[in-house]
Structure formats: structure tokens, C-alpha cells
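As they're listed, the protein sequences go chains R and F.
Just so we're aligned, residue 22 is where the first sequence starts under my numbering, counting upward by one.
Just so we're aligned, residue 19 is where the second sequence starts under my numbering, counting upward by one.
Quick reminder that beta carbons are idealized off the backbone N, C-alpha and C, glycines included.
Below is one structure, written out as C-alpha cells, with a few remarks after it.
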Amino acid sequence: MRLRKIDRYLLVLALFFLLAVLRRDDMPGEEVLPDLFRVAVHRPVLAPIAQAANGEVLEQTALRSELEAARREIRVLKEQVQRRDELARFFRELKWEGRPEALPGWVISVDSDAFTRKFHLSVGSAEGAKAGQPVVEGKALLGLLVAVEPNTSIARRVDDPGFRLEVEIETAKGVERGVASGNGDGGLDVELVRKADALKEGDPVFTSRYHGDVPPGLLVGWVESVEDLDRDDILEVTVQPAAALGRWAQVEVLRRR
Amino acid sequence: MRAVAGAVLVVFLDASLRLIGPAALGVPALFPDLSMLAALYVGFRARDERELGLALVLGAAADCFSARPFGHFAFLYGAGAYLALRVRRYVPPDALVTHMVASFVCGLAMAFLALLLAIVTVRSYLGAGFVRALVTAATSAVYAPFVFGLFDRSRLFRKALGGRPYAFAS
């Protein structure tokens with residue numbers, strides 16, 4: 022039997038229709054337009070093209086990751102600049118002979134001794150650090166340097182039992198002075214404070230103006246409790262440190278310029 | 019051979035433009051179906067059914083670039099080209115509107131055939147798919163004269179389709 026051209030063509034069409042119907046299990050569950058790069062991996066002939074396209078996609082992904090990393094770095098740098106600006110503004114407000122200069126550093130380790138509260142800094146004498154200089158976190162006093170090496174130093178935290186510093190408590194009626202010492206447990210005790218009715222919880226505690234290396238006006242903390250247990254008119258004051266102890270990584274050492 | 023390579027090139031271009039064009043414009047439905055227009059062009063230009071084989075090649079190439087079961091586009095484009103060959107005998111010679119109307123009629127028929135295939139195969143998203151096919155048929159019909167002109171100028175299918183310059187001139 023000899024088929025006409027039109028019959029042969031329609032027969033081929035019917036075969037393609039049958040092929041599509043028989044292979045309907047391959048059909049995706051939704052309307053899909055021809056999508057070269059997503060689908061071609063299933064077609065052996067086109068796999069190399071798809072892989073090449075996939076390589077482009079991977080390269081784009083890598084570039085996107087680099088962009089994200091650069092953005093993160095810019096964000097960190099912006100935060101550092103903002104921090105510096107705040108410190109510079111704060112320094113201008115400080116009434117201290119000579120302009121203070123901040124030496125930025127990182128806390129590289131914390132002393133494991135259970136009876137002390139000391140930490141190691143990445144700032145040393147090469148940068149101009151020396152014992153007695155304050156370590157701050159923003160405007161808050163974190164501790165004082167006690168030993169300095171060429172490239173590192175050891176600082177004593179404000180709650181270390183060996184920490185001693187004269188402080189000023191700003192009350193509603195004036196300033197009361199005392200000597201702050203660390204209690205070894207995340208707080209400070211202020212001794213030798215004269216009895217004053219105006220002194221109350223929440224009053225801010227600052228560094229006093231009678232230190233050579235510590236500028237006045239650094240925030241030490243806030244009064245937590247005021248008591249006179251032995252009734253000798255000398256108050257026992259406990260202070261909550263302003264610095265977030267144990268949560269800092271980047272700090273500044275202040276020195277006189 | 020040149021026509022087969024041209025068919026693959028057109029389908030590849032169509033698949034690539036679908037990724038770039040609609041995504042950039044945000045209007046996928048308003049983008050012409052170049053592969054479908056190529057199949058209709060073959061139908062309008064072919065002298066007889068023997069030359070419609072190029073439409074089947076276009077469909078097979080489109081199947082390679084598609085997630086649908088192999089044979090889907092070969093059937094649709096083959097049927098569309100066949101219909102275009104028949105329509106050509108009843109429409110007036112070369113005119114801009116003729117190209118558009120004839121392409122729309124054939125595109126409409128292909129949308130119905132696609133719906134028929136979808137009823138048998140995918141059995142879901144029928145309404146949305148059909149509406150999209152109708153919109154694509156209308157959009158492609160608007161672009162048809164320009165696309166056919168481009169195909170004529172490129173001479174990709176000229177030898178395989180009898181060497182005539184215009185679809186409706188014969």
C-alpha cells in the first residue's frame with residue numbers, strides 16, 4: 022500500500038502525539054515553559070551546555086558570596102569608625118590635661134585563675150601602652166593595665182579583688198568620693214564614703230580627677246546599694262560596673278598624647 | 019543541514035530569550051513564542067507536506083529544551099505547520115494584517131491542541147495553561163510579520179522551503 026504525502030505526515034504527527042502521551046510520567050506537575058538551564062541536565066545531548074551554564078551560575082554565586090563578605094567588612098569598619106567618632110567626641114568633653122589618645126586592641130585571652138579577673142590585650146609598649154593606663158569599652162572603664170610587654174599587655178578588670186581606684190559618685194546634691202575595689206564577683210565596693218542623704222541607688226560613678234594616667238569622667242558604673250551596717254557614718258556602697266564584663270572583644274587603651 | 023542547524027539555533031535563541039527577556043521585562047506573557055512562529059513560518063512557506071518535516075525538527079529541538087515529554091512540541095509544531103499550510107490556501111497574498119490574523123488563527127488552534135495534550139498528560143493547571151497559551155498566541159501574532167521578515171532575511175530555511183522569498187506571495 023502506498024501512502025500519500027499528507028497521510029505520511031499525519032502518521033508522523035500521530036506518532037509524536039502517541040510518544041508524548043506514553044511518556045506523560047515525565048511531565049512536571051505544573052506548567053513549565055522551555056527552561057534550558059534547569060531541564061537540559063536530563064537530556065544527555067545537552068548536559069554539557071547545561072553544565073557550562075551551571076558553571077556560570079556557580080561563578081555568580083561565588084561573586085555574590087564575595088560581595089556579601091565585603092558588605093559585612095564594610096559594616097564592621099563603619100561600626101569601628103562610629104565607635105572612634107563617639108570616643109573622639111567623648112575625649113573632647115573630658116577635662117583632662119593633655120588630649121587622650123585611644124590605642125585600639127583586642128582581648129586575646131582571659132586569665133584562668135579563679136581568684137583574679139585579668140585579661141591579655143593585643144596592645145603593648147611598642148604602641149605606647151604602659152602600666153596604669155585605663156582600658157575602656159566605649160565610655161565605660163573596663164580595667165587598668167598592670168603589666169606591659171612589647172606587643173601585649175595584661176589588664177586588671179574592675180571587679181578584680183586587687184583593683185583599687187578613687188572614684189566620684191555624682192549625687193543630686195553634689196559629688197561624693199570614695200575608693201572603689203573589685204569584689205571578685207562582677208561588682209565593685211566603694212569604701213570610705215561619707216554619709217550623705219542624697220546618695221541613692223542608680224547614681225553614676227565616675228573616675229576621679231586625681232589620677233595621673235586615668236582621665237576623669239570615665240563611667241565606672243552605677244550605685245547598686247547603699248548601707249551603713251556598722252553605723253560609723255561611713256557608707257558601704259556596691260557598684261554595678263558599666264562595662265559589659267566578659268562580653269567584649271575590641272577595647273581601647275587610653276593614654277595621654 | 020543548514021535548515022536543521024537553523025531550527026536548533028532558533029529554539030536555542032527562544033529558550034535563552036525566555037530566560038532573559040521576560041525576566042528583565044517582568045511580563046512573560048507578552049513575549050512572543052519564537053519557536054512557534056518559526057513552525058508557522060515553515061507552514062506558510064512550505065510547498066507541500068514533505069517540507070513540513072522542518073517543523074517537526076523544530077518541535078523535536080524544542081522538546082530537547084523542555085521539561086515536557088519528548089514529542090509534545092514536535093506534535094504541536096507539526097500540527098501548527100500543517101494547519102498553516104492549509105490556511106495559506108484560503109488567505110489573500112502578502113499583507114501585514116494577513117500575517118497577524120493567520121498566525122493568530124494557527125496559534126489559537128495550537129493552544130487548543132496543547133490543551134488536549136494537557137488533558138491527557140498533566141491533568142492539572144489546565145485553565146491557567148490555556149489562558150497563557152491564548153495570550154502567547156495573540157502576542158506572537160503581533161510579532162509575526164517582523165519575525166517572518168527576519169527569517170526571510172536570514173535565509174536559514176530558504177533552501178529547505180523551495181527558495182521562495184515571501185510566505186504569502188505564491
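At which residues does the alpha helix (DSSP H) containing residue i begin and terminate?
i: LEU134(F); result: 114 to 138
i: LEU166(R); result: No alpha helix (DSSP H) contains LEU166(R), which is instead part of the beta strand (DSSP E) from 161 to 169.
i: GLY61(F); result: 52 to 63
Which whole-angstrom value describes the C-beta separation of residue i and residue j, a residue pair presumed to lie in contact below a C-beta threshold of 8 Å?
i: PRO163(F); j: LEU114(F); result: 5 Å
i: GLU191(R); j: ARG198(R); result: No, GLU191(R) and ARG198(R) are not in contact; Cβ-Cβ is about 11 Å, not under 8 Å.
i: GLY164(R); j: ARG177(R); result: 5 Å
i: VAL260(R); j: VAL200(R); result: Incorrect: roughly 12 Å between the Cβ atoms, too far for contact.
i: ALA41(R); j: GLY96(F); result: About 11 Å; that fails the 8 Å criterion.
i: GLY98(F); j: GLY61(F); result: 6 Å
i: SER143(R); j: GLY126(R); result: 5 Å
i: ALA150(R); j: SER130(R); result: 16 Å between Cβ atoms; not a contact.
i: LEU124(R); j: ARG276(R); result: 6 Å
i: GLY242(R); j: PRO262(R); result: 4 Å
i: LEU256(R); j: GLU248(R); result: 7 Å
i: THR228(R); j: LEU186(R); result: 7 Å
Mind checking which residues open and close the beta strand (DSSP E) that includes residue i?
i: LEU174(F); result: Segment: none, LEU174(F) is in no beta strand (DSSP E) and carries neither H nor E.
i: SER130(R); result: 121 to 131
i: GLY71(F); result: It is not in any beta strand (DSSP E) - GLY71(F) instead sits in the alpha helix (DSSP H) that spans 71 to 82.
i: ALA263(R); result: No beta strand (DSSP E) holds ALA263(R); DSSP gives it neither H nor E.
i: GLU21(R); result: Here chain R comprises residues numbered 22 to 278, so residue 21(R) is not present and cannot be evaluated.
i: LYS139(R); result: 139 to 142
i: PRO225(R); result: 225 to 228
i: GLU245(R); result: 240 to 248
i: ASP210(R); result: 209 to 215
i: LEU186(R); result: 185 to 192
Just to make sure I have the definition right: I need the residues of chain F whose C-beta is within less than 9 Å of the C-beta of residue i. Which are they?
i: ILE95(R); result: Residues of chain F passing the Cβ test: none, with the nearest at roughly 29 Å.
Just verifying my parser: in three-state terms, what is the DSSP assignment at residue i?
i: GLN271(R); result: strand
i: PHE91(F); result: helix
i: ARG277(R); result: strand
i: ALA109(R); result: helix
i: VAL160(F); result: helix
i: ASP170(F); result: helix
i: THR173(R); result: coil
i: GLN154(R); result: coil
i: ARG178(R); result: strand
i: ASP28(R); result: helix
i: LEU220(R); result: coil
i: LEU256(R); result: strand
i: VAL102(R); result: helix
i: GLY98(F); result: helix
i: LEU27(F); result: helix
i: PHE136(R); result: coil
i: GLY233(R); result: coil
i: GLY149(R); result: coil
i: LEU84(R); result: helix
i: LEU36(R); result: helix
i: SER188(F); result: The predicted position of SER188(F) is uncertain, since its pLDDT is 38 and thus under 50; a value taken from the coordinates is nonetheless stated next. Looking at SER188(F) - three-state DSSP - the assignment turns out to be coil, as it is neither helix nor strand.
i: ARG104(F); result: helix
Would you mind sorting residue i into buried or exposed? The rule is 16 or more other CB atoms within 10 Å of its CB.
i: LYS139(R); result: buried
i: GLY223(R); result: exposed
i: GLN154(R); result: buried
i: PHE130(F); result: exposed
i: GLY267(R); result: exposed
i: GLY203(R); result: buried
i: TYR161(F); result: buried
i: VAL97(R); result: exposed
i: GLY24(F); result: buried
i: ARG113(R); result: exposed
i: MET19(F); result: exposed
i: LEU32(R); result: exposed
i: GLU273(R); result: buried
i: ALA80(F); result: buried
Interface residues of chain R around residue i at Cβ under 7 Å?
i: LEU70(F); result: TYR30
i: ALA97(F); result: LEU34
Could you list which residues in chain R have their beta carbon closer than 8 Å to that of residue i, in chain order?
i: LEU135(F); result: PHE38, ALA41 and VAL42
i: TYR100(F); result: TYR30, LEU31 and LEU34
Within 9 Å of any Cβ in chain C, is that where the Cβ of residue i sits?
i: PHE93(F); result: Reference to chain C is not applicable here, since the protein chains of this structure are R and F.
Since residue i meets chain R, which of its residues come closer than 9 Å, beta carbon to beta carbon?
i: HIS117(F); result: Here the premise fails: no neighbours, minimum Cβ distance about 24 Å.
i: LEU74(F); result: TYR30, VAL33, LEU34 and PHE37
Since residue i meets chain F, which of its residues come closer than 7 Å, beta carbon to beta carbon?
i: ILE27(R); result: GLU67
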